[in-house]
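In the numbering used here, the protein residues as written are 23 to 376. Below is one structure, written out as structure tokens; the observations come after it.
Shown next, in the form of structure tokens:
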């Protein structure tokens, strides 16, 4: 008897069809997305614009009219310049032999500290400046001026930079306006300028600060110019326990003093010394018992003296020395028996017509 075999074809279950088609559609979706992605290039990454100028960007000696960046990061410039310089900020120490800037000195930037009045362009020509610098005796520097940043850190008008180029984090007097003069005496830094607050205290244009923490001491000569807000201390010179101050003021150290005075370092009071300059004193330098003064005055020490004079430290009277500058004298530097002068004049040191 012959055996017969039958094969039974079973109908596929519906859920298996769903699995197969889901897999097929997933593969198609992946392939389609990959194809589209190959056609569409993503936008290039854009760095966030912080609004803070770069402290490492080079500077030019003329206008830059075009800038473009290559894929490798190289920046190309075009314009009306002939040289590109390393950025040093508002100032830097320079090597006395090579003239090269000291690379470790942090960039000083920002300013002015006092904003211009609405609609005014008075401050438009500049973005800040260093007006005074004194060595700290350990390879570092105290700097003063009209700036708001040192090495990218907020410092208003005054700062201490260590010998290694780092910013002294403990010293932050935070002047509310321009610092023009600095004199260091041991652990005390005397400061002059346009400010009305510094070192955590109200101080009008002149103050003494602790070098350890930048706080103001109790010493407070309080320079003023009547009811005018434009009093300024432009220059300071220390001689023992006497601090000479020059500027644009009518009272200082508790006494009426026009533009020049001698102050006790012990209490900030003015001494009896009173040359009574007729206008602003910008510069002072000392040689023994003779104090040289430069400015825009026409009378000082009881005599007619045009912008430059020599005064006795004993009584404040002018000596017979009379170079007679025809315009303002801003700076003085003494070397031996030669006094170097700088300013706005075109004639100085010529005999005065009789």
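Yeah, the Cβ is synthetic: ideal placement off N, Cα and C, and Gly gets one too.
Using alpha carbons as the reference points, say which of the options lies closest to residue i.
| i | options | result |
| --- | --- | --- |
| residue 238 | 209, 261, 247, 258 | 209 |
| residue 286 | 94, 131, 242, 204 | 242 |
| residue 379 | 288, 303, 279, 308 | Outside the shown range of the chain (23 to 376) lies residue 379, about which nothing can therefore be said. |
| residue 301 | 271, 292, 276, 313 | 271 |
| residue 83 | 359, 104, 316, 357 | 104 |
| residue 303 | 328, 171, 115 | 328 |
| residue 282 | 126, 317, 226 | 317 |
| residue 199 | 191, 184, 150 | 150 |
| residue 218 | 351, 190, 187, 255 | 255 |
| residue 167 | 118, 134, 175, 174 | 134 |
| residue 225 | 290, 164, 171, 113 | 290 |
Have a look at residue i and residue j and give me their C-alpha separation to the nearest angstrom.
| i | j | result |
| --- | --- | --- |
| residue 379 | residue 99 | Summary: the structure shown does not reach residue 379, with the chain confined to residues 23 through 376, and so no result is reported for it. |
| residue 260 | residue 195 | 21 angstroms |
| residue 344 | residue 203 | 26 angstroms |
| residue 115 | residue 153 | 14 angstroms |
| residue 144 | residue 253 | Confidence is the limiting factor: at residue 144 the pLDDT is only 46, short of 50, which leaves the residue's position unreliable, though a coordinate-based value still follows. The straight-line gap from Cα to Cα measures roughly 18 angstroms. |
| residue 193 | residue 155 | 15 angstroms |
| residue 211 | residue 158 | 10 angstroms |
| residue 190 | residue 110 | 19 angstroms |
| residue 90 | residue 181 | 36 angstroms |
| residue 245 | residue 276 | 9 angstroms |
DSSP three-state call for residue i: helix, strand or coil?
| i | result |
| --- | --- |
| residue 366 | coil |
| residue 238 | strand |
| residue 155 | strand |
| residue 90 | strand |
| residue 124 | coil |
| residue 162 | coil |
| residue 189 | strand |
| residue 167 | strand |
| residue 135 | coil |
| residue 245 | coil |
| residue 361 | strand |
| residue 342 | coil |
I'd like the span of the beta strand (DSSP E) that includes residue i, first residue to last.
| i | result |
| --- | --- |
| residue 334 | 330-334 |
| residue 286 | 282-286 |
| residue 261 | 254-261 |
| residue 232 | 228-232 |
| residue 202 | 201-207 |
| residue 304 | 303-309 |
| residue 264 | 264-270 |
| residue 181 | 180-183 |
| residue 315 | 312-317 |
| residue 211 | 210-215 |
| residue 357 | 351-357 |
| residue 100 | 97-101 |
Rounded to whole angstroms, how far is the Cβ of residue i from the Cβ of residue j, which I believe are closer than 8 angstroms?
| i | j | result |
| --- | --- | --- |
| residue 312 | residue 334 | 7 angstroms |
| residue 348 | residue 319 | That belief does not hold up - the Cβ atoms of residue 348 and residue 319 are roughly 14 angstroms apart, past 8 angstroms. |
| residue 130 | residue 169 | 5 angstroms |
| residue 215 | residue 227 | 6 angstroms |
| residue 309 | residue 356 | 6 angstroms |
| residue 314 | residue 361 | 6 angstroms |
| residue 184 | residue 197 | The pair is not a contact, with the Cβ atoms about 20 angstroms apart (cut-off 8 angstroms). |
Using a Cβ-based criterion (distance less than 6 angstroms to any ligand heavy atom), does residue i qualify as near the ligand FMN?
| i | result |
| --- | --- |
| residue 112 | Annotation note on the ligand FMN: not contained in the displayed structure, which lists no ligands. |
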